[in-house]
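Residue numbers (our numbering): 78 to 189.
Written out as structure tokens, the structure is:
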């Protein structure tokens, strides 16, 4: 498997298959796709100025692609590399970012 697209597809499938109950491996809830979450006690608002109800933020560069996938304590986001996190990879290219669900810390990026 040499294609980065195939690798990303495989990665997404593995994460979706092994996801736990609280994970969000796809937009719109896993099975019903009705955009309703069974979670309770969620905040009804947030404030960017004060940080109220915001656990962490992450700069994604000049754009992001699709919705975030949350699985097994990791957040996967398609973005570009306009703000490189890995010094080995420079230039504005597509990347798959993996961040920690608890604090947003960088785990890895994969060039697409």
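For every residue, glycine included, the Cβ atom is placed at its ideal position computed from N, Cα and C.
Check, Outcome
"How would you call residue 98, buried or exposed, if buried means at least 16 neighbouring beta carbons within 10 angstroms?", "Caution applies to residue 98, whose pLDDT of 48 falls short of 50 and renders its modelled position unreliable; the model cannot decide the point."
"Three or more C-beta pairs closer than 8 Å, one from the segment 119-128 and one from the segment 144-157: is that the case here?", "no"
"How would you write the range of the beta strand (DSSP E) that residue 148 sits in, first residue to last?", "141-148"
"Identify which residue in 171, 162 and 185 has its Cα closest to the Cα of residue 140.", "171"
"So, helix, strand or coil for residue 185, using DSSP?", "strand"
"What three-state label does DSSP hand residue 156 in the structure shown?", "strand"
"Does residue 186 pass the burial test, meaning 16 or more other C-beta atoms within 10 Å, or should it be called exposed?", "buried"
"What separation, rounded to the nearest whole angstrom, lies between the Cα atoms of residue 176 and residue 150?", "9 Å"
"The beta strand (DSSP E) spanning residue 171 covers which residue range?", "171-177"
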